[in-house]
């Protein structure tokens with residue numbers, strides 16, 4: 019399985035952009051990068067995903083390096099409600115179960131500071 | 023957007039009893055659902071993959087006789103913790119894939135169930 023490496027924690031000033039890095043140096047050519055976040059005591063929330071190209075939606079932007087070995091999630095204007103644990107995940111096929119699965123690492127705890 | 027509903031959100035039970043947790047996909051059909059467990063200050067750990075109409079696939083170290091999974095319809099999967107013990111106290115989370123063409127599907131998560139065994 020492709021594994022990801024994220025910094026354990028980051029701080030970001032309210033209103034500024036939050037840039038969350040992720041390394042996935044063993045990713046395979048057809049494996050997607052997904053980002054989720056988990057606010058305390060809630061289920062994870064989908065943010066964005068991508069394969070090769072940069073992606074943007076109403077929540078965030080995802081920048082994937084050309085060699086696909088790393089990516090950065092960008093929250094353009096962080097608010098206090100963005101304080102959460104952010105998970106970068108490489109989706110892999112579980113051949114035993116016959117489906118794709120998401121394996122969660124430890125994530126990055128983002129604290130948005132007033 | 024798609025919603026996955028999990029019930030109950032909190033449950034307290036006595037040691038030795040069984041607890042059933044329901045996971046429903048509200049506006050799409052989910053052939054595959056996943057059950058996770060999360061202990062305090064730790065990440066989500068996949069317990070099992072639930073496929074509609076067939077037996078669940080359990081991850082290594084998860085007791086299939088203790089954590090019974092039933093995926094009887096395309097919108098409902100249940101997890102039953104049998105003969106619960108205090109060490110089973112945890113945050114249980116389900117998720118469901120809404121299938122689309124490759125690469126654009128996403129997994130939706132329930133709000134989680136906080137199980138406390140006393």
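Chains as they are written, first to last, in the numbering used here: chain A, 19 to 132; chain B, 23 to 140. Quick reminder that beta carbons are idealized off the backbone N, C-alpha and C, glycines included.
Asked	Found
So, helix, strand or coil for residue 109/A, using DSSP?	coil
Would you decide whether residue 85/A is buried or exposed? Buried here means 16 or more other CB atoms lie within 10 Å of its CB.	exposed
If we ignore side chains and look at the alpha-carbon of each, how far apart do residue 97/A and residue 38/A end up?	15 angstroms
Can you list the beta strand (DSSP E) stretches of 3 or more residues lying completely in the stretch 23 to 49 of chain B, in chain order?	26 to 29, 32 to 35 and 41 to 47
Closer than 6 angstroms by C-beta to residue 132/A: which residues in its own chain qualify, once you throw out the five before and the five after it? Chain order, please.	32
Is there a C-beta anywhere in chain A that falls below 9 angstroms from the one on residue 20/B?	There is no way to answer for residue 20/B, as the model of chain B reaches only from 23 to 140.
Closest Cβ-Cβ distance between residue 91/A and chain B: below 9 angstroms?	no
When you compare the CB of residue 47/A with every CB in chain B, is at least one pair closer than 9 angstroms?	no
So, are the CB atoms of residue 94/A and residue 79/A less than 9 angstroms apart?	yes
Measuring alpha carbon to alpha carbon, tell me which of 52/A, 45/A, 89/A and 101/A ends up nearest residue 21/A.	45/A
Starting from the C-beta of residue 100/A, find all residues in its chain whose C-beta is less than 6 angstroms away, skip the five residues before and the five after it, and write them out in chain order.	93 and 130
Any C-beta of chain C within less than 9 angstroms: which residues of the stretch 35 to 65 of chain B qualify?	Annotation note: the requested chain C is absent from the structure, which comprises protein chains A and B.
Just the C-alpha distance for residue 73/A and residue 140/B, rounded to the nearest angstrom, thanks.	47 angstroms
I'd like to know if residue 103/B contacts chain A, where contact means its C-beta is closer than 9 angstroms to some C-beta of that chain.	no
Considering only their Cβ atoms, is the gap separating residue 106/B from residue 68/B smaller than 9 angstroms?	no
So, does the CB of residue 67/B fall closer than 9 angstroms to a CB anywhere in chain A?	yes
Give the residues of chain A in contact with residue 109/B, contact being defined as C-beta atoms less than 8 angstroms apart.	Simply none; closest approach about 20 angstroms.
State buried or exposed for residue 70/B, treating a residue as buried only when at least 16 other CB atoms are found within 10 Å of its CB.	buried
Would you kindly work out how many angstroms separate the C-alpha atoms of residue 73/B and residue 34/A, rounded to a whole number?	43 angstroms
Could you tell me the distance, in whole angstroms, from the CA atom of residue 55/A to the CA atom of residue 111/B?	23 angstroms
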